[in-house]
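Q: Per this note's numbering, the sequence shown runs over residues 133 to 213.
Where a beta carbon is used, it is the ideal one built from N, C-alpha and C, also for glycine.
Here's a structure for you.
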Amino acid sequence: MEETVTKEVEMQKAHLEKKIRELEAEKKANDRKILELTEGELKHHEFHTEEIHRLRKKNFEIAFEILTKRNEIKRLSRSCV
């Protein structure tokens, strides 16, 4: 029984870690887009303020979700011990 629970916890942790990697990749892509838009504003006087704000807000939400999932992994690890 304990072995089954441990295996289930490990599967949940693996799923959460995969989701974290996906979120980190999305956040990194958003960071690149923000940088491109910011450089465009500086070089060509193009203004993308609303889009930059939206991307930064999305990155904040992603960072919060990553933190939540990492805390869930820690909780699962403690419950397995």
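Can you tell me whether Lys159 is buried or exposed? The criterion is at least 16 other CB atoms within 10 Å of its CB, across all chains shown.
A: Result: buried.
Q: For Leu167, count the other beta carbons within 10 Å of its own beta carbon; 16 or more makes it buried, fewer makes it exposed. Which is it?
A: The residue in question, Leu167, is exposed, as its Cβ has fewer than 16 Cβ neighbours within 10 Å.
Q: Is there contact between the stretch 149-156 and the stretch 196-213, where contact requires at least three CB pairs shorter than 8 Å?
A: Yes: the two stretches touch, three or more of their Cβ pairs being nearer than 8 Å.
Q: Which whole-angstrom value is the C-beta distance of Leu208 and Val137, which I expect to be below 8 Å?
A: Not a contact, Cβ separation roughly 11 Å.
Q: Would you kindly work out how many angstroms separate the C-alpha atoms of Arg202 and Leu169, rounded to a whole number?
A: Looking at the two C-alpha atoms, the distance is approximately 30 Å.
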